[in-house]
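In the UniProt record's numbering, the protein residues as written are 1 to 146.
Below is one structure, written out as structure tokens; the observations come after it.
So this is what it looks like as structure tokens:
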């Protein structure tokens, strides 16, 4: 095995990727993996190992900074709205403010054009609304338990 496959702690790329993705997305990452299980299970493993086990877990940038870069890149692509929505939610999960996410997307108008930025802003608007609803639902369930 290469040094990328097993870390000093004995954690494999797959295990490390699952851990990092759970930090960012909670259960959302597992839902994607489950959806791929019957059509491309190997691809599901690649999604854990390469982006999250190798890249997101590198030293040098914290998860917050990595999500800023990811939101910018996906916005600039202009063709990855489902993935952009996942990473906007992930950005909120790792501490980005809505205003910061909005500014990152607006900045992409300079480099990717207004259509890409508009698509990104509309995706963000949808995620923000869903996030508010999810937070309200969580608060209600917490209050009824307490």
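Note that beta-carbon positions come from the ideal geometry of N, C-alpha and C, so glycine has one too.
Where residue 20 is concerned, the enclosing alpha helix (DSSP H) starts and stops at 13 to 25.
Within the same chain, and ignoring the five residues on either side of residue 45 in sequence, the residues whose Cβ sits closer than 7 Å to its Cβ are 14.
Note on residue 129: under 16 other CB atoms within 10 angstroms of its CB, so exposed under the neighbour-count rule.
Within the stretch 69 to 112, the complete alpha helix (DSSP H) segments of 4 residues or longer fall at 81 to 93 and 98 to 112, listed in chain order.
Taking every protein chain shown into account, the CB of residue 48 has 16 or more other CB atoms within 10 angstroms, so this residue is buried.
For residue 29, the uninterrupted alpha helix (DSSP H) segment begins and ends at 28 to 36.
DSSP places residue 56 in no alpha helix (DSSP H); its state is neither H nor E. Taken through DSSP and simplified to helix, strand or coil, residue 117 comes out as helix. Apart from the 5 residues on each side of it in sequence, residue 67 sits with its Cβ closer than 8 Å to the Cβ of 24, 87, 90, 91, 94 and 96 in its chain, given in chain order. In the assembly as shown, residue 79 is an exposed residue. Its beta-carbon has fewer than 16 other beta-carbons within 10 Å.
With 16 or more other Cβ atoms from the protein chains shown falling within 10 Å of its own Cβ, residue 52 counts as buried. Going by DSSP, residue 44 is part of the alpha helix (DSSP H) stretching over 41 to 47.
Taking C-alpha positions only, residue 76 is separated from residue 35 by approximately 26 Å. It is roughly 6 Å from the alpha-carbon of residue 84 to the alpha-carbon of residue 74. Each of 99, 54 and 37 was checked against the Cα of residue 16, and the nearest Cα belongs to 54. Taking 9 Å as the cut-off, the Cβ atoms of residue 72 and residue 105 count as close.
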